[in-house]
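Data block below; observations after.
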Amino acid sequence: MNTDFKKYLSFSEEVKDALSESKPIVALESTIISHGMPYPQNYETAYKIENTVRENGAVPATIALLNGKIKTGLNNNEIEFLSKESGILKASRRDLPIIISQKLNAATTVSATMICAALAGIKIFATGGIGGVHRNAQNTFDISADLTELAQTNVAVVSAGVKSILDIGLTLEYLETMGVPVIGYKTEEFPAFYTRESGYKVNYKLNTPKEIADAVKTKWELGLNGGVIIANPIPEEFSFDKILIDKAIDEALAKADEKGIKGKDVTPFLLSEIKEITKGKSLDANIQLVLNNAKLAALISIE
Ligand code: PSU
Ligand code: MN
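Counting the sequence shown from 1 gives a position; the working numbering is that position plus 3.
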C-alpha cells in the first residue's frame with residue numbers, strides 16, 4: 004500500500020490520541036468557517052460544533068490545509084486564522100496538490116474534507132449542506148465536486164440536505180447514478196437545508212443512529228466504495244417558511260447572475276446574499292442545523 008501520503012498529515016494531540024485508542028471521531032470541514040459564515044459568527048460556531056461533538060461522546064477533527072500539511076484537529080490560533088484572514092483559499096479535490104506543495108492555506112470543502120478524513124482514517128463527517136447540481140447546470144456545467152467525491156470516497160456525511168440555490172431534483176438524480184445512498188434520519192422527505200421539506204423523498208428512512216451505522220458499515224463491507232448521505236432536517240423551531248426563503252434565494256440567484264459570479268465563488272456569494280436579504284435569520288438557522296448535524300454524527304460514530 005502506498006503510504007507516501009502520511010508525510011502530509013498532521014494531527015492535534017486530541018485527534019492523535021483518539022485515533023490510537025480507536026475512539027469515535029467526527030471530521031468537520033473548514034470552508035463553512037472561511038467562506039460559509041461571516042466573522043465572528045464563524046469563529047464562535049466552529050467552537051460550538053466541536054463542543055457539541057464532545058458533549059455527545061466523540062472527538063471533533065476540524066480539517067484544513069495549512070503550510071504544506073493536512074491539519075486534522077485545529078488549535079485556537081488556527082481556527083481564528085481561518086475565521087479572520089481574507090486570503091484563505093477554498094479547496095476541493097482538484098486544489099489539494101497545488102495548495103499543499105505550494106504551502107498555501109486553504110479551507111476544505113466537503114469533497115476535500117472527505118479525502119483528508121479518509122486519509123486520516125476517519126469515517127464520518129458532519130457539515131451543514133453539501134454542494135450539488137446547480138440550477139441551470141445544463142448550461143453552466145456547475146456541478147459540485149462534492150458529488151463525485153461521494154461516489155468514490157468512503158466517508159459518511161451528515162448534512163441538512165441541499166439548499167434550493169441548487170436543483171434538488173437533479174442533485175438526487177446525480178447521486179442515484181453515482182450509487183450514493185441518501186438516508187433520511189427519521190424522515191421520508193429529503194430536507195432543503197433551511198426547511199424540513201423539499202418536495203423530494205429520501206431513498207430510505209432510518210430511525211436510529213445504530214441503524215444508520217449498520218447501513219454504512221454494510222456498504223463498505225460489501226466493497227461498495229463511496230460515501231453515504233445522511234440527511235438530517237433542521238430542527239422545527241429554527242426552520243424557515245418555505246415561501247420566504249425561496250423568495251430570498253431567487254433574489255440572490257438573480258443578483259449572482261447579474262454580477263456574473265462564477266465557479267467556486269457562487270456558493271459563498273449566494274450564502275452571504277441570502278443572509279443580507281433575511282437580515283441574518285438564515286445565518287441563525289445555518290448555525291442551528293450544523294449543531295444538530297454534529298450531534299447526530301457523534302451518535303453515529305459511537306455506533
Ligand atoms: N453549503 C453551505 N455552506 C457551505 C458550503 C455549502 O451551506 O459552506 C460549502 C461546503 O464546503 C461545500 C461547498 O462543500 O460549499 C460546495 O462548494 P461548490 O458549490 O463550489 O462545490
Ligand atoms: Mn461549482
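Every residue gets a Cβ at the ideal spot worked out from N, C-alpha and C, and that includes glycine.
query = Does DSSP put SER114 in a helix, in a strand, or in coil?
reply = As a position in the sequence shown, residue 114 is number 111, starting the count at 1. Reduced to three states, the DSSP call for SER114 is helix.
key: Secondary structure, alpha helix (DSSP H): runs of 4+ residues fully inside the stretch 153-206   = Runs found: 171-180.
key: As assigned by DSSP and simplified to three states, the class of ALA300   = In the sequence shown, the residue the question calls residue 300 occupies position 297. In the displayed model, ALA300 falls within a helix according to three-state DSSP.
request  = For SER167, verify whether its CB is less than 7 angstroms away from any heavy atom of the ligand MN.
outcome  = Locating residue 167 in the sequence shown gives position 164, counting from the first residue. SER167 Cβ: outside cutoff for every heavy atom of the ligand MN.
key: For SER13, the residue or residues it bridges with in DSSP   = Residue mapping note: residue 13 aligns to position 10 of the sequence shown, counting from 1. SER13 is bridged by DSSP to LYS74.
message = Helix, strand or coil, according to DSSP, for PRO63 in the structure here?
response = Numbered from its first residue, the sequence shown carries residue 63 at position 60. Strand at PRO63.
key: Three-state class that DSSP yields for LYS3 in the structure shown   = With the chain running from 4 to 306 in the structure shown, residue 3 is simply not present.
query = Out of curiosity, what's the CA-to-CA distance linking ASN165 and LYS298?
reply = The residue labelled residue 165 in the question sits at position 162 within the sequence shown. The residue labelled residue 298 in the question sits at position 295 within the sequence shown. Before going on, a small fix: residue 165 reads as Val here, not Asn. Roughly 19 angstroms separates the two Cα atoms.
task = Express the C-alpha separation of MET40 and ILE168 in angstroms, rounding to a whole number.
result = For the purposes of this step, residue 168 is taken as the residue at position 165 of the sequence shown. For the purposes of this step, residue 40 is taken as the residue at position 37 of the sequence shown. Approximately 16 angstroms, taken between the alpha carbons.
task = Determine the contact status of LEU209 and ALA218, defining contact as a CB-CB distance below 8 angstroms.
result = Within the sequence shown, numbered from 1, the residue matching residue 209 stands at position 206. Within the sequence shown, numbered from 1, the residue matching residue 218 stands at position 215. Annotated as proximal: LEU209 and ALA218, with beta-carbon spacing under 8 angstroms.
key: Alpha-carbon spacing of VAL160 relative to ASP20, whole angstroms   = Walking along the sequence shown from the start, residue 160 turns up at place 157. Walking along the sequence shown from the start, residue 20 turns up at place 17. Annotation: VAL160 to ASP20 spans about 23 angstroms, alpha carbon to alpha carbon.
key: Nonlocal neighbours in the same chain, by C-beta distance under 7 angstroms from LEU173, ignoring five residues either side   = On the sequence shown, residue 173 is found 170 positions in, with the first residue counted as 1. In the same chain as LEU173, and ignoring 5 residues on each side of it, the C-beta atoms closer than 7 angstroms to its own belong to VAL136 and ALA140, in chain order.
request  = Could you tell me if TYR197 is buried or exposed, where buried requires 16 or more neighbouring beta carbons within 10 angstroms of its beta carbon?
outcome  = Within the sequence shown, numbered from 1, the residue matching residue 197 stands at position 194. It is buried - the Cβ of TYR197 has at least 16 other Cβ atoms within 10 Å.
query = What's the gap between the Cα of GLU32 and the Cα of LYS262?
reply = What you label residue 32 is simply residue 29 of the sequence shown in a count that begins at 1. What you label residue 262 is simply residue 259 of the sequence shown in a count that begins at 1. Straight-line measurement puts the Cα of LYS262 at about 28 angstroms from the Cα of GLU32.
Stretch-stretch touch, CB-based, cutoff 8 angstroms, three pairs: the stretch 220-231 with the stretch 173-188 = Touching, per the Cβ criterion.
inquiry  = Based on DSSP bridge pairs, tell me the residues matched to HIS137.
reply    = For the purposes of this step, residue 137 is taken as the residue at position 134 of the sequence shown. LEU169, per the DSSP bridge assignment.
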